[in-house]
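This report concerns only the one structure given below.
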Amino acid sequence: MPATSEPMPANSALHAYLDGELDARAAAAVELTLATDVETRVLAKSMTIQRDALRAAFRLPLECPTTHRMIAAVLSA
Amino acid sequence: MTMQAKRAIAGEIPRLRRYARALCGSDTEADDLVQETLARGLANLQSWSVGESPRKWLFSILHNHYVDQIRKAARRPHHLSIDNGDATPVAIVADAGIRRDLDRGLQALPAEQRQVLLLVGLEGMSYAEAAQVLDIPIGTVMSRLARARERLRVLMACDIGPADVPPGILSTLQRSQR
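As you go down the protein sequences, you meet chains A and B in turn. Its first residue numbered 1, the first sequence is counted upward by one per residue in the working numbering. Its first residue numbered 1001, the second sequence is counted upward by one per residue in the working numbering.
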């Protein structure tokens, strides 16, 4: 784990696993915990639901007049 | 400025707007933030290493401007502050309600946690990229991210029980490759 100025919460490794930030060895350790501990699975599942909800709630504003106006302004700058 | 550079910057506008909207909780504030980010970016092109994607550079500018605004708002004597103390848990219900509930939950988080949560969880940045944008150590990204997600989970009162998580769900958890 990298150095930090703040104490590391207990579930940091799980979050890093869910975000695809762990190397194979560290990921295997988290997977072992997930396979054997139902509370960790509950936490992991609720984190993926939260992530999906965020992405569903805030979509890229591609077809939006304001976006087009801003793009036109930059292109003509 | 070359047309190619302008196109690269313009291409980031949808992402900047999405992030700013989730960060500010308001369309007007978000659009002001993005407008200012673009203006500052265009005025300081020399700070962008052309050849690289302008994404991290533009998100850094947006971040710096957002922090300036928070500082200014804190100095105003009678500004409306968001009460972090007793945000009521809200259930995730239908799609229509999700954004409103998430807005409420996100705005109840400290700004520094909200930034990390959105850069990684919404914009799909790696921890290293988020650390660069926010100019903080990776370890700080990790601790703020864990706190933000735990806190949002409590606020959103997402109802998951042991029956919902058979060991077989493992393969569905990790985010798809960027």
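Yeah, the Cβ is synthetic: ideal placement off N, Cα and C, and Gly gets one too. Remember, predicted model here, so these are calculated numbers, not experimental data.
Selection B:L1119, B:M1142, B:L1145, B:R1144 evaluated against V1133 (chain B) yields B:L1119 as nearest (Cα-Cα).
Residues of chain B whose Cβ lies closer than 7 angstroms to the Cβ of R55 (chain A) are, in chain order, L1122.
For R1149 (chain B), the uninterrupted alpha helix (DSSP H) segment begins and ends at 1138 to 1156.
CA-CA distance, R1007 (chain B) to A28 (chain A), rounds to 42 angstroms. For A1022 (chain B), the neighbours in chain A by C-beta distance under 9 angstroms run, in chain order, L54, A57, F58.
Here the alpha carbons of P1162 (chain B) and D1068 (chain B) stand approximately 44 angstroms from one another.
Contact annotation: L1062 (chain B) and T1037 (chain B) have beta-carbon atoms nearer than 7 angstroms. The stretch 41 to 48 of chain A makes no contact with the stretch 63 to 74 of chain A: fewer than 3 CB pairs, one atom from each, lie closer than 8 angstroms.
In summary, M1142 (chain B) is buried, with 16 or more beta-carbon neighbours lying within 10 Å of its beta-carbon over all protein chains present. M1003 (chain B) carries a helical assignment under DSSP once its states are collapsed to helix, strand and coil. Using a Cβ-Cβ cut-off of 7 angstroms, K1006 (chain B) counts as an interface residue toward chain A, since at least one Cβ of chain A sits closer than that to its own. For I1098 (chain B), at least one C-beta of chain A is nearer than 7 angstroms to its own C-beta.
Taken through DSSP and simplified to helix, strand or coil, I1160 (chain B) comes out as coil. Taking C-alpha positions only, L1145 (chain B) is separated from G1124 (chain B) by approximately 13 angstroms. L32 (chain A) and G20 (chain A) have their C-alpha atoms some 16 angstroms from each other. Inter-residue distance for A77 (chain A) and A1005 (chain B) is about 11 angstroms (C-alpha atoms, whole angstroms).
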